[in-house]
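Some notes on the structure that comes next.
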Amino acid sequence: MPEDHEQIVVRRKKLSAIRERGIDPYPNDFRPDHTTAEVHARFGTLPETELAAAASLSVAGRIMALRDFGKAGFVHLQDRAGRLQVHARRDRLGDERFELYRLLDLGDVVGVIGRPFRTRTGELTLEASDLRLLAKALRPLPEKWHGLQDVEARYRQRYLDLIVNPEARRIVEMRSRIGRYLRDFLAARGYVEVETPMMQPIVGGAAARPFVTHHNTLDLDLYLRISPELYLKRLVVGGLDRVYEINRNFRNEGIDTTHFPEFTMLEFYQAYATYEDLMDLTEEMIIGLAREVGGGTTLAYRGHTIDLTPPWPRRTMADLVAERTGVAAARLLEAETIAALAERTGGIERPGMAPGELLCTVFERVVEPELVQPTFVTQFPVEVSPLARRNDGDPRFVDRFELYIARQEIANAFSELNDPEDQRARFEQQLRARAAGDLEAHAMDEDYVRALEHGLPPTAGEGVGFDRLVMLLTGAPSIRDVILFPQLRPEADA
């Protein structure tokens, strides 16, 4: 909205009139003693006799509705906890405060002192005896907040979204509750919360392309981390047997409803545990979380009813692909068989892909879109799991799982590779893949190998997509709905 828009011009004139009256339009000396929710809880059910004897109280918030009847009017005030109606009368406020009331607009922040009463319609209302302007809004609130263009504006101007959209505020509050529950859950089991570097000299811990920055003093290129994994496992080597971090990762990748280049992960590691132990822990954690923030184990999400009742199925990747393609699981790592299957289901993405990579590709195409109910997918090929421990029974696979709910990966975990010689060989294989054109292949991390040479206890680790978990538990259709300030194209290019 341009500065010469009629509504902005009118509001600036009102601001000048307020200042001419000697009133500071942006003071900082008003302290409310109640939220709107506390007023409703305390006085909402009182009988009229007790309500009439109530003492004055104070609230503050943003004006969301104004009704002017000449010598009186009503204001709907919104704060962090809800809304409350305020009645403004000239004979109660006095001429000076009532004239200030007449200069108010939707969106202004005000403080009110008064006594509660009920209107003829039974609505709990505050009878204002004093009214203070705390912040004059020079731009109007949006009148309509729907449609494609306005959805984009919601992300770009999240402050307006939070003012006018109760669902946006609910998601923020739920996200906070989810984070608090996860921290309490892990702390109760002996995990220590840590912070690891956001800028790293070597890319590692995941298959993804990084963002690159430069440290001027050190004259050193650094990478915004794609994962905290290798640093967290260094801490386990150092004797912190149970560690976790909830923090940002950055991956230079595309954007869709479940992917965003800046996102939050919960990542945790437990010594003397296997990936099977983490399946039990993950099931317990997510079910407990759903009960805590959602009230039960049934979720409505994207037209599906998600049933979190345990136990959740545990299926190998090969068995799931076999069921949906008719190719025997035992043949899925045969080079010709899996190459033909990949061609049949969408093609081979790049030359020289190993059978295990092709199996994973076919799984993503034909199985992943069908995994609506909670399912642990286990036994991933070693080629796509350079940091995971080989399976004792079949070393072509690793002891790994991914948890899928509502067609999206929620968690990824494995028993950690702690053999330094095997780890070095895996890194070297990744270097060959990078040289062949795989830009997401791991780099060599000599210091991490050196840490393993000091002895990493048998360990299992897991990453949980925090944003996707919030989406699932709030019903949000897009990851941008649960990230407060998502990156967007510049407005001129949008």
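Mapping of the sequence shown onto my numbering: position 233 corresponds to residue 233, and the numbering continues sequentially without gaps. A virtual CB, placed ideally from N, CA and C, is assigned to each residue, including glycine.
The three-state secondary structure of Pro-381, taken from DSSP, is strand. Rounded to whole angstroms, Thr-36 and Thr-121 show a C-alpha spacing of 19 Å. Going by beta carbons, Arg-170 and Val-293 fall outside the 8 Å limit. Cα atoms of Asp-307 and Ile-410: separation of roughly 15 Å, rounded to the nearest angstrom. By the C-beta density criterion, Asn-412 is buried, having at least 16 other C-beta atoms within 10 angstroms. In this structure, the straight-line span from the alpha carbon of Phe-427 to that of Phe-211 is close to 21 Å. In the structure shown, the three-state DSSP call for Leu-138 is coil. Around the beta carbon of Val-9, fewer than 16 other beta carbons sit within 10 angstroms, so the residue counts as exposed.
For Val-39, the enclosing alpha helix (DSSP H) covers residues 36–43. Proximity to Glu-334 across Arg-344, Pro-355, Ala-342 and Arg-132 peaks at Pro-355, based on C-alpha coordinates. Membership of Gln-408 in the beta strand (DSSP E) is indicated by the continuous run 408–415. In this chain, the beta strand (DSSP E) harbouring Val-86 covers 82–89. Residue range 262–271 is occupied by the beta strand (DSSP E) that includes Met-265, with no alpha helix (DSSP H) assigned at that position. Annotation: Ile-348 is outside any beta strand (DSSP E) and is labelled neither H nor E by DSSP. DSSP, read as helix, strand or coil, puts Met-279 in helix.
Ile-171 carries a helical assignment under DSSP once its states are collapsed to helix, strand and coil. Residue environment analysis places Thr-309 among the exposed positions, since fewer than 16 neighbouring C-beta atoms fall within 10 angstroms of its C-beta.
According to the DSSP assignment, Ile-163 belongs to the alpha helix (DSSP H) that extends over 158–164.
Under the three-state reduction of DSSP output, Pro-25 falls in the coil class, being neither helix nor strand. Secondary-structure assignment with DSSP links Ile-246 through a beta bridge to Leu-266.
Taken in chain order, the complete alpha helix (DSSP H) segments of 4 or more residues contained in the region 413–473 are 420–435 and 446–453.
In this structure Phe-69 is exposed. Its beta-carbon is surrounded by fewer than 16 other beta-carbon atoms within 10 angstroms.
Under the Cβ criterion (8 Å, minimum of three pairs), the region 193–206 counts as touching the region 224–238.
Among the bridge pairs identified by DSSP, Tyr-301 is matched with His-304. Using a Cβ distance threshold of 8 Å, Gly-461 and Phe-414 count as a contacting pair. In this structure the region 312–324 lies against the region 375–393, because at least three pairs of beta carbons, one per stretch, are closer than 8 Å. Between Ala-451 and Ile-202, the gap from beta carbon to beta carbon reaches 8 Å or more.
Taking the CA atoms as reference points, Leu-488 sits about 25 Å from Gly-179. The Cβ neighbour count for Ser-16, taken over all protein chains shown within 10 Å, is under 16; the residue is labelled exposed. Under the three-state reduction of DSSP, Tyr-223 is assigned to strand. Burial check for Leu-220: the Cβ neighbour count within 10 Å stays below 16, so the residue is exposed.
A direct Cα-to-Cα measurement between Asp-445 and Arg-432 gives close to 14 Å. In the three-state reduction of the DSSP assignment, Tyr-191 falls in the coil class, being assigned neither a helical nor a strand state. Going by DSSP, Ile-338 is part of the alpha helix (DSSP H) stretching over 335–344. Between the beta-carbon of Thr-257 and that of Trp-312 there is about 23 Å, and that puts the pair past the 8 Å contact cut. Taking the Cα positions, Leu-278 is about 18 Å away from Leu-456.
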